Amino acid sequence: MERRKFVAAAAVAAGAGTARAQGPVREKPLRGDNWGPLHYDAAEKAQVDEVVDTGVPFRFTGRRGVAPVKVSTFEKEFAGKIGTKYALAVSSGTAALECAMAALQVGPGDEVIMPAWTWHSDCTAVVRAGALPVFAEIDESLNLDAADIEARITPQTKAIIAVHLQGNPANLDPILAVARKHRLRVIEDCSQAVGASYKGRRLGSMGDIGTYSHQESKTITSGEGGTLVTSDPELFERAVRFHDVGNIFAPHKEMLGETRLSPFVGTNFRMSEFTGGVMLAQLRKLDMIITAARANAARVYEKLGEIPGLRFRLRPDPAGDLGSPVFIRFDSKSQRDRFMELMKAENVPANGPGGSVILPVQPYIENKITLHPAWPTWTSARGKAIRYGAASCPRTIDILSRFAGVPVGPKYTRQDTEDIVAAVKKAYPAALRA
Ligand SMILES: Cc1ncc(COP(=O)(O)O)c(C=O)c1O
């Protein structure tokens, strides 16, 4: 009897051991990691409380001797962080892009080149300005392929939007060289890479204008919000006036020293003092957040780099990359899809490239749908002639089907990053055998 019990217990223990050895790397799925909100603490709370206590929620009007300072201070510190002369805080990253179009006087008859894979707002800002979006292919950095820009330039081309997607800087040197050669303006859309850099300079400081989103999924966040930076006083003044129905008030006048423009038709994209306060607290944590994220990503990159044959997305400046997600390259979509399934079984997420869309295949773009049939974007000769759809960006579609991204967050523990490495070491070779 005693012996039977012992044998049964031994069998259970052996079974459990085998199950652990063969089971998933993690018992429960590794959580995705939002960056900014995970770092909310007393600093953000104090900023919001101060706005409530002073009763000064509007950025241009004080009360009972208390002047509004949150948004203006955020702007000054943001410009200092990025390394530009000016920063304008607005209500969203989309608003920042629309201000950029206004600043550059992009309008009907103009064309703007952007990557075929990016967020809707790059395209909508151009279309809402009445101009024509033109899409270039991405390369295996998953950003705009500088070599594909020149073929897309026409006499109507006015600007290029270089989007720095998923933390990774676009290869700016060749993009800026093409722009210079053809006298085109460059907007850097840094929404998905706030704080990242390229060859030692912060993204957003190398083109004519940089734009940023502070929506919830971004590096630093106030739920909604955006910023535009530039070092050109005229572009800045036009952006400021556009964001506030043609007006310009004291803090921006002081930044500029003198104004040069008259009022024109604009809109309202102002940021509130509540948002400004939260962004100020978040901005002061930016370097801490991205340093933590980069350290975690560096461990993952280093260990995965040891896997024979494994290749990552191209990174034109690995030191400037924010490191998340870590994108892994496959030769075929079926291998990539198998890898994602195998990673799911390990409870470590790996996803196809997300957070953006392939713009030329979006039905509203492919079918050129706007609010009004006379919208100048697609009533011009070029607008009528241009063809979007899958045939216009085959390389982008192919590349995106062959990459899987493993998120790495700033708050991941050493165990989390070790689990990522262990899961990829199991799943990657198995996926190649599929
Ligand atoms: C590349 C890019 N540009 C612009 C935006 C627009 O930002 P927002 O959502 O703040 O308007 C986003 C938002 O995700 C983005 O990813």
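Adding 693 to a residue's 1-based position in the sequence shown gives its number in the working numbering.
Don't be surprised by glycine CBs; every beta carbon is placed ideally from N, CA and C.
If you're wondering where the values come from, they're calculated on a predicted model, not measured in any experiment.
Take W862 as the anchor and find which of H732, H945 and R894 has the nearest alpha-carbon.
-> The question names Trp, but residue 862 in the sequence shown is Pro. Cα-wise, what sits closest to P862 is R894.
Grab me the residues of H875's own chain with a C-beta within less than 6 Å of its C-beta, minus the 5 sequence neighbours each way, in chain order.
-> Excluding the 5 residues flanking it on each side, H875 has same chain C-beta neighbours closer than 6 Å at I846, in chain order.
Pull up the distance between the alpha-carbon of K1118 and that of L997, whole angstroms please.
-> Between the alpha carbons of K1118 and L997 lies a distance of about 7 Å.
Examine ligand 1 and report whether any of its heavy atoms sits within less than 7 Å of the Cβ of Q908.
-> True, at least one ligand heavy atom lies under 7 Å from that Cβ.
Distance cut-off 7 Å: L973 Cβ against heavy atoms of ligand 1 | For L973, the shortest C-beta to heavy atom distance toward ligand 1 is 7 Å or greater.
With respect to the beta strand (DSSP E) encompassing S884, which residues constitute its N-terminal and C-terminal limits?
-> In the DSSP assignment, S884 falls outside any beta strand (DSSP E) and carries neither an H nor an E.
Grouping DSSP H, G and I as helix and E and B as strand, with all else coil, what is K978?
-> Looking at K978 - three-state DSSP - the assignment turns out to be coil, as it is neither helix nor strand.
Among Q908, R878, G1102 and G970, which has the Cα closest to the Cα of E770?
-> Looking at the Cα atoms, G970 is the closest of the given residues.
Using CA coordinates, which residue listed in V783, R756, G860 and G758 is at the minimum distance from S765?
-> Distances from the alpha-carbon of S765 to those of V783, R756, G860 and G758 put V783 closest.
Return the CA-CA distance between E737 and K978, expressed in angstroms with no decimal places.
-> Each residue's Cα considered, the two are about 11 Å apart.
Along the chain, where does the beta strand (DSSP E) that runs through M807 open and close?
-> Counting along the chain, M807 sits inside the beta strand (DSSP E) bounded by residues E804 to P808.
Less than 8 Å separating the beta-carbons of A795 and F935?
-> The answer is yes: Cβ separation under 8 Å.
Excluding the 5 residues preceding and the 5 following M964 in the sequence, name in chain order all residues of the same chain whose CB lies nearer than 7 Å to its CB.
-> These residues qualify, in order along the chain: R752, V764, A782, V783, S784 and G918.
Around the Cβ of D866, are there at least 16 other Cβ atoms within 10 angstroms (buried) or fewer (exposed)?
-> Its Cβ having fewer than 16 others within 10 Å, D866 is exposed.
Do you know offhand how far M899's Cα is from V856's?
-> Each residue's CA atom was taken as its position, placing M899 and V856 some 12 Å apart.
Distance between beta carbons of G950 and A986, contact taken as under 8 Å | Not quite, the Cβ-Cβ distance comes to about 38 Å (not below 8 Å), so this is no contact.
What is the rounded straight-line gap between the Cα of E720 and the Cα of V933?
-> Approximately 52 Å, taken between the alpha carbons.
Cβ atoms of G1082 and E1111: under 8 Å apart, would you say?
-> Taking a C-beta distance under 8 Å as the contact criterion, E1111 and G1082 do not qualify as a contact pair.
Taking only the alpha-carbon atoms, compute the straight-line gap between G755 and H732 and give it to the nearest angstrom.
-> Looking at the two C-alpha atoms, the distance is approximately 30 Å.
Secondary structure at G725, three-state DSSP: helix, strand or coil?
-> Per DSSP, reduced to three states, the secondary structure at G725 is coil, with no helix or strand assignment.
Reducing DSSP to helix, strand and coil, say where R696 ends up.
-> For R696, the predicted structure reports a pLDDT of 39, less than 50, and the residue's modelled location is therefore unreliable. The matter cannot be settled from this model.
Within 8 Å, strictly: CB atoms of F1032 and V1019 | Not closer than 8 Å, so no.
Please indicate yes or no: does the CB of T914 lie closer than 7 Å to some heavy atom of ligand 1?
-> Incorrect: T914 has no Cβ contact closer than 7 Å to ligand 1.
Residues in its own chain within less than 7 Å of V744 by CB, not counting five upstream and five downstream?
-> P750, K763, E966, F967 and G970, listed in sequence order.
Do you know how far the Cα of P1001 is from the Cα of A1127?
-> Computed Cα separation, rounded: 17 Å.
Between the C-alpha atoms of A886 and T904, what's the straight-line distance to the nearest angstrom?
-> Answer to the nearest angstrom: the Cα atoms are 10 Å apart.
With DSSP collapsed to three states, give me the class of S1027.
-> Secondary structure at S1027: helix, using DSSP grouped into helix, strand and coil.
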